[in-house]
Amino acid sequence: MVDRQRPRRSCLAVPGSSPKMLDKARGLAADQVFLDLEDACAPLAKPEARKNIVAVLNEGGWGGKTRVVRVNDWTTEWTYRDVVEVVEGAGANLDCLMLPKVQTAEQVHALDMLLTQVEKTMGLEVGRIGIEAQIENARGLVNVDAIAAASPRIETIIFGPADFMASINMKSLVVGEQPPGYDVGDAYHYILMRILMAARAHDVQAIDGPYLQIRDVDGFRRVAGRSAALGFDGKWCLHPGQIEVCNEVFSPRQEDYDHAENILDAYDWFTSEAGGKRGAAMLGDEMIDEASRKMALVISGKGRAAGMTRTDRWTPPED
Ligand code: GLV
Ligand code: MG
2 MVDRQRPRRS CLAVPGSSPK MLDKARGLAA DQVFLDLEDA CAPLAKPEAR
52 KNIVAVLNEG GWGGKTRVVR VNDWTTEWTY RDVVEVVEGA GANLDCLMLP
102 KVQTAEQVHA LDMLLTQVEK TMGLEVGRIG IEAQIENARG LVNVDAIAAA
152 SPRIETIIFG PADFMASINM KSLVVGEQPP GYDVGDAYHY ILMRILMAAR
202 AHDVQAIDGP YLQIRDVDGF RRVAGRSAAL GFDGKWCLHP GQIEVCNEVF
252 SPRQEDYDHA ENILDAYDWF TSEAGGKRGA AMLGDEMIDE ASRKMALVIS
302 GKGRAAGMTR TDRWTPPED
């Protein structure tokens, strides 16, 4: 069984047409890289980009990073060649394919079937390579539940804000920022929550898309902080300068991590024989119960996955 819940706090976009950037990406601290054959690759550069990607995947040196290739969407003429060339050439060194502009569950089925054929032909383990689905227009969003459930290969649902804004005629050119004239809330809240609900309902990860003002690190931190606060698992980085902030924003704060671990320890003790078999108890000024344990498990899971260590430890009362 493949573990489809991989670390994905930071997902770095790397144009497949740039051997220099592909090479550099190997040494960066992103949890995931995705080597792009879609919008960061000009149409005339795509055949060469496929070759670059196969070469760099097979060369290795990616550490523990999740290795993903973004193919072109099914409305183009490029998708099948992207899949066949990349998976035949480097299928054993690839974790997932990313499918952009997904609108229906059938588009996921089509990729799943094509992948299965290539895996069989090449003697690769059938079903190991996962699928990441980008939601980038209204049709994709209204079908997001079916898309999340479309294949056991699905690992993430990704919000593609740039294409999405264009597809709904949003009156703005600045991805991630509020459209001018809308001052009564967050224009992206519904979309983010819709994607998050579909992801959680189907046990797959929810990933936020790019922030294009790559020199504005504070802006990136602010926008990333919103989706992280809602519960998203990670966000795209378009530039190495966004990676460190992204890893930080999608990891728990140290005090929250310590607190979560303490809740788990305290709840374990209070519910035990020695702790009086209590279902609800006080941890300092805070009442904790089974629901607190579940919330703490989420934060501790994220902290442990990020390699955090405790700086504070709860101990049971003396008598
Ligand atoms: C990403 O693909 C986007 O369109 O935002
Ligand atoms: Mg897009």
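Numbering (my numbering) for the sequence shown: 2 to 320.
Here a beta-carbon is modelled for each residue, glycine too, at the ideal position from N, C-alpha and C.
These numbers come from a predicted model, not from an experiment.
**Request:** Using 10 angstroms around the beta-carbon of residue 207, count the other beta-carbons present and answer buried if the total reaches 16, otherwise exposed.
**Result:** By one-based count along the sequence shown, residue 207 stands at place 206. Residue 207 is buried by the Cβ-count criterion.
**Request:** Quick one: using the 10 Å Cβ neighbour count with 16 as the cut-off for buried, is residue 316 buried or exposed?
**Result:** Along the sequence shown, read from residue 1 onward, the residue named residue 316 stands at position 315. So residue 316 ends up on the exposed side.
**Asked** For residue 272, which residues does DSSP report across the bridge?
**Response** One-based indexing of the sequence shown puts residue 272 at position 271. None, per the DSSP bridge assignment.
**Request:** Using DSSP bridges, identify the partner residues of residue 13.
**Result:** Along the sequence shown, read from residue 1 onward, the residue named residue 13 stands at position 12. Answer is 34 and 238, bridged to residue 13.
**Asked** Pick from 98, 279, 102 and 63: whose alpha carbon is nearest that of residue 117?
**Response** Residue numbering aside, residue 117 sits at position 116 when the sequence shown is read from its first letter. Of the listed residues, the one whose Cα sits closest to residue 117 is 98.
**Request:** Check residue 133 in the structure and name its three-state DSSP category.
**Result:** Residue 133 sits at position 132 when you count from the first residue of the sequence shown. In this structure, residue 133 counts as strand in the three-state DSSP scheme.
**Prompt:** Are the beta-carbon atoms belonging to residue 150 and residue 203 less than 9 Å from one another?
**Reply:** As a working mapping, residue 150 is identified with position 149 in the sequence shown. As a working mapping, residue 203 is identified with position 202 in the sequence shown. Yes. Within cutoff.
**Request:** For residue 108, decide whether its Cβ has a neighbour in chain D, counting only Cβ atoms nearer than 9 Å.
**Result:** Any reference to chain D falls outside this structure, which holds one protein chain only.
**Prompt:** Can you tell me whether DSSP reads residue 208 as helix, strand or coil?
**Reply:** As a position in the sequence shown, residue 208 is number 207, starting the count at 1. Looking at residue 208 - three-state DSSP - the assignment turns out to be strand.
**Inter-stretch contact (C-beta, 8 Å, three-pair minimum) for the stretch 166-177 and the stretch 121-128** = no
**Request:** Grab the span of the alpha helix (DSSP H) containing residue 125 for me, first residue to last.
**Result:** The sequence position of residue 125 within the sequence shown is 124, counting from 1. Looking at the DSSP string, residue 125 is not in any alpha helix (DSSP H), and its letter there is neither H nor E.
**Prompt:** What residue range is occupied by the uninterrupted alpha helix (DSSP H) comprising residue 194?
**Reply:** Against the sequence shown, residue 194 aligns to sequence position 193. First-last of the alpha helix (DSSP H) with residue 194: 190-202.
**Request:** Give every residue whose Cβ lies closer than 7 Å to any heavy atom of ligand 1, listed in chain order.
**Result:** 40, 101, 135, 137, 161, 162, 163, 164, 165, 176, 210 and 211
**Request:** Count the C-beta pairs between the stretch 272-288 and the stretch 297-310 that are closer than 8 Å, then say yes if the count reaches three, no if not.
**Result:** no
**Item:** Three-way DSSP call (helix, strand, coil) for residue 1 in this model
**Value:** Since the first residue of the chain shown is 2 and the last is 320, residue 1 is not available in this structure.
**Prompt:** Is the stretch 221-235 touching the stretch 3-20, taking contact as three or more C-beta pairs under 8 Å?
**Reply:** yes
**Prompt:** Looking only at its own chain, which residues have a Cβ that is under 8 Å from the Cβ of residue 286, when we skip the five neighbours before and after it?
**Reply:** Looking up residue 286 in the sequence shown gives position 285. Closer than 8 Å at Cβ, skipping near neighbours: no residue.
**Delimiting residues of the beta strand (DSSP E) encompassing residue 165** = Residue 165 sits at position 164 when you count from the first residue of the sequence shown. Taken as a continuous stretch (DSSP letters only), residue 165 belongs to no beta strand (DSSP E), being part of the alpha helix (DSSP H) at 162-168.
**Residue range of the unbroken beta strand (DSSP E) whose run includes residue 245** = Counting from 1 along the sequence shown, the entry for residue 245 is found at position 244. It is not in any beta strand (DSSP E) - residue 245 instead sits in the alpha helix (DSSP H) that spans 244-250.
**Prompt:** Which ranges would you report for the alpha helix (DSSP H) in the stretch 18-103 if only whole runs of at least 4 residues count?
**Reply:** 20-26, 47-60 and 80-91
**Message:** If I measure Cβ to Cβ from residue 221 and keep anything under 7 Å in the same chain, skipping five residues before and after, which residues do I get?
**Reply:** The sequence position of residue 221 within the sequence shown is 220, counting from 1. The answer, listed in chain order, is 212, 243 and 246.
**Asked** Under a three-way DSSP split, which group does residue 284 fall into?
**Response** Translated into positions along the sequence shown, residue 284 becomes position 283. DSSP places residue 284 in strand when its eight states are reduced to three.
**Message:** Can you tell me which residues form a DSSP beta bridge with residue 310?
**Reply:** Taking the first residue of the sequence shown as position 1, residue 310 is located at position 309. Residue 310 pairs with nothing; no bridge assigned.
**Prompt:** Around the C-beta of residue 22, are 16 or more other C-beta atoms found within 10 angstroms, so that it is buried, or is it exposed?
**Reply:** Along the sequence shown, read from residue 1 onward, the residue named residue 22 stands at position 21. With 16 or more Cβ atoms within 10 Å of its Cβ, residue 22 is classed as buried.
**Asked** Would residue 348 be called buried (16 or more neighbouring beta carbons within 10 Å of its own) or exposed?
**Response** It is not possible to answer for residue 348, since the shown part of the chain is limited to 2 through 320.
**Prompt:** Is the number of C-beta pairs between the stretch 250-260 and the stretch 33-51 that are closer than 8 Å three or more?
**Reply:** no
**Asked** If you draw a straight line from the C-alpha of residue 32 to the C-alpha of residue 26, how long is it?
**Response** One-based indexing of the sequence shown puts residue 32 at position 31. One-based indexing of the sequence shown puts residue 26 at position 25. Their backbone Cα atoms lie some 11 Å apart in a straight line.
**Request:** Give the straight-line distance between the Cα atoms of residue 75 and residue 135, rounded to the nearest whole angstrom.
**Result:** In the sequence shown, counting from the first residue as 1, residue 75 sits at position 74. In the sequence shown, counting from the first residue as 1, residue 135 sits at position 134. Cα to Cα, residue 75 sits roughly 12 Å from residue 135.
**Prompt:** Is residue 256 helix, strand or coil when you go by DSSP?
**Reply:** Here residue 256 refers to the residue found at position 255 of the sequence shown. The answer is helix: DSSP assigns residue 256 an H, G or I state.
**Request:** Give every residue of the same chain whose Cβ lies closer than 6 Å to the Cβ of residue 241, excluding the five residues on either side of it in the sequence, and list them in chain order.
**Result:** In the sequence shown, counting from the first residue as 1, residue 241 sits at position 240. 29, listed in sequence order.
**Item:** Three-state secondary structure (DSSP) of residue 215
**Value:** The residue you call residue 215 lines up with position 214 of the sequence shown. In this structure, residue 215 counts as coil in the three-state DSSP scheme.
**Request:** Within 10 angstroms of the Cβ of residue 57, are there 16 or more other Cβ atoms? Answer buried if so, exposed if not.
**Result:** Sequence index remark: in the sequence shown, residue 57 carries index 56 (1-based). That one is buried.
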